[in-house]
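Read through the structure below, which is laid out as structure tokens, and then see the notes.
Chains as they are written, first to last, in full-length UniProt numbering: chain X, 1 to 273; chain F, 1 to 273.
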């Protein structure tokens, strides 16, 4: 019987959670489909395991109530902050304003020509429109592997990456939008937009461009990791494994199918809940 | 004669550059005054040296010409991108629009009620209003010190920090604004604003709040580093030095004065150039 070290135990536990048809701990409850290829790729390595990910998303967030006890929370979630809209799917970006209105949870108006600046105070709950790019956390067997992954990510433009505690690598890139588009008028429970629907359309088209750029960067990173950490010839005295049994294309295709199958299973489980 | 190792040589070279009255390599040419206390604190340690910093800033950036050869650059600097306005000083945030207009480099108009969406294409050069928070890079003697600094930063809310190559720690926080506020009408060389001056005022007041939050976070980080990396009782077998000759307050006061003196010298040098 092979004795597992701490990394291997952790990896097995994480993979069995990923393989499970139960929802995971994220608000969405499952891995974003666009992340599956790179997650599957990384997890073929004996030296790495993915721990969390987001493929990139557009969100519209209503800040919570801000506290003045001690620290003033500006721009944070606050008490009772909530997502008015979230999508990871570029096809669901355009039209979010209509969808939000159709929910009838809040009334929604545009400020029109003049913003009632007397209503904007330090405790105003803003509505924030955000584009957030791909982010991935990967636990590595040792610091050498973590460094290699970090260097691969940095060289592909993921310039805000870093190694954290316990050889956990965060892969991050700075493709963002962070725009205050309105505020909640608490007296009338109305979402008041500072900006016109035309301006919202411009934000949406910028988000679509960012989704594209994001997808290109993810592919570049996939190829880099594939070439430098997976299908590499190991240098003497490194633990990196050679995995050449199937071609890149074959594995990519197989992993994509397996991932899609798991998504289907997960969806059918969720529908039954 | 003491033999210096690579870290010590590097540190001495960096400190002599900081101490020099010559402009540094940044666009601004000098260290932001708000960064001086934490930079001086960190550099009192034998195990750390700061390599770059920004105290936080508001900027208005005109994107450059985008290329369609190969990769489309969206949201990047592009060829000929330029800063229309930059300030690290919270007192110079309000009024930037007037200052920009007074420069007469570009005509400036607001789109008014309707954005001419037919003019917005994939090659449109947007005007981006940004708030970017404090960022600091610190080279550490070894991985143990880098980990300690990383953990200190994370525990103060600098959640996008990370350790990079050669024990270089990047300390980063996510307090941002990233707002497309207009575009360049190339035919008339006119900056066209999507948003009203009132909306710009809201952005400015949000930036001011972020400057405040940023300053609080910097102070928290200063105290944490002071307590855990500078004035700490070393655990057995660590190389961390004890530096208790003067009290925290005394050193802070002295370092502040020294920093201010250097800024004055630098300014007078720059005025002579």
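Ideal Cβ positions, reconstructed from N, Cα and C, are used throughout, including at glycine.
Given the structure is predicted, the values throughout are model-derived calculations rather than measurements.
Asked, Found
"Collapsed DSSP secondary structure at residue 114 (chain X) in the structure displayed", "coil"
"Collapsed DSSP secondary structure at residue 176 (chain F) in the structure displayed", "coil"
"Distance between residue 60 (chain X) and residue 85 (chain X) (C-alpha atoms, nearest Å)", "5 Å"
"Where residue 151 (chain F) meets chain X, residues with beta-carbon distance less than 8 Å", "165"
"CA-to-CA distance, residue 226 (chain X) to residue 232 (chain X), given in whole angstroms", "8 Å"
"Span of the alpha helix (DSSP H) around residue 12 (chain F)", "6–19"
"Neighbour-count burial assignment, residue 90 (chain X), 16 or more Cβ in a 10 Å radius", "buried"
"Pairwise C-alpha distance: residue 114 (chain X) and residue 156 (chain X)", "44 Å"
"Any non-hydrogen atom of the ligand MN within 8 Å of residue 218 (chain X) CB", "For the ligand MN, the structure offers nothing, since it holds no ligand at all."
"Contacting positions in the region 42–59 of chain F - beta carbon closer than 7 Å to chain X", "none"
"Contact set for residue 319 (chain X): own chain, Cβ-Cβ below 7 Å, skip 5 residues either direction", "This structure gives no information on residue 319 (chain X), because the portion of chain X shown stretches from 1 to 273."
"Backbone CA spacing between residue 75 (chain F) and residue 130 (chain F) [nearest angstrom]", "Its pLDDT being 48, under 50, residue 75 (chain F) is placed unreliably by the model, and the measurement read from it follows with that caveat. If I take the Cα positions, the gap works out to 12 Å."
"Endpoints, alpha helix (DSSP H) assigned at residue 148 (chain X)", "143–155"
"Status (buried if at least 16 other CB within 10 Å, exposed otherwise) for residue 217 (chain X)", "buried"
"Three-pair Cβ contact test at 8 Å for the region 134–144 of chain X versus the region 163–182 of chain X", "yes"
"Proximal chain X residues relative to residue 177 (chain F), where beta-carbon distance stays under 8 Å", "178, 179 and 180"
"Three CB pairs or more closer than 8 Å across the region 196–208 of chain F and the region 117–132 of chain X", "yes"
"At least 3 beta-carbon pairs within less than 8 Å: the region 94–103 of chain F vs the region 171–187 of chain F", "no"
"Contact list for residue 141 (chain X) against chain F, beta-carbon separation under 9 Å", "Correct list: empty, because the minimum Cβ distance to chain F is about 16 Å."
"Distance CB(residue 47 (chain X))-CB(residue 221 (chain X)) smaller than 9 Å", "no"
"Residue 242 (chain X) - DSSP class collapsed to helix/strand/coil", "Because residue 242 (chain X) sits at a pLDDT of 41, beneath the cut-off of 50, its placement in the model cannot be relied upon, and the following sentence gives the value as read from the coordinates. In the structure shown, residue 242 (chain X) sits in coil (DSSP, three-state: anything other than H, G, I, E or B)."
"Cβ-based burial, residue 29 (chain F) [other Cβ within 10 Å; buried from 16]", "exposed"
"Terminal residues of the beta strand (DSSP E) in which residue 211 (chain X) lies", "That residue, residue 211 (chain X), is in no beta strand (DSSP E); its alpha helix (DSSP H) goes 197–225."
"DSSP three-state assignment for residue 31 (chain F), whether helix, strand or coil", "coil"
"Minimum Cβ-Cβ distance from residue 154 (chain F) to chain X less than 9 Å", "yes"
"Local conformation of residue 89 (chain X) per DSSP, three classes", "coil"
"Within-9 Å CB hit, residue 194 (chain X) to chain F", "yes"
"Contact set for residue 154 (chain X): own chain, Cβ-Cβ below 7 Å, skip 5 residues either direction", "161"
"Where the beta strand (DSSP E) containing residue 55 (chain F) begins and where it ends", "48–62"
"Per-residue burial, residue 57 (chain X) [other beta carbons within 10 Å of its own, 16 or more giving buried]", "buried"
"Coarse secondary structure for residue 25 (chain X), derived from DSSP in three states", "coil"
"CB contact check: residue 107 (chain F) to chain X, cutoff 9 Å", "no"
"Chain X within 9 Å of residue 103 (chain F), Cβ atoms only", "no"
"Counted within 10 angstroms of its Cβ, other Cβ atoms place residue 12 (chain F) as buried (16 or more) or exposed", "exposed"
"Buried versus exposed, by CB contacts within 10 Å (16 or more), residue 107 (chain F)", "exposed"
"CB contact check: residue 242 (chain X) to chain F, cutoff 9 Å", "Residue placement at residue 242 (chain X) is flagged as unreliable, the pLDDT there being 41, under the threshold of 50; the coordinate-derived value follows with that caveat. Answer no: the Cβ-Cβ gap between residue 242 (chain X) and chain F never drops below 9 Å."
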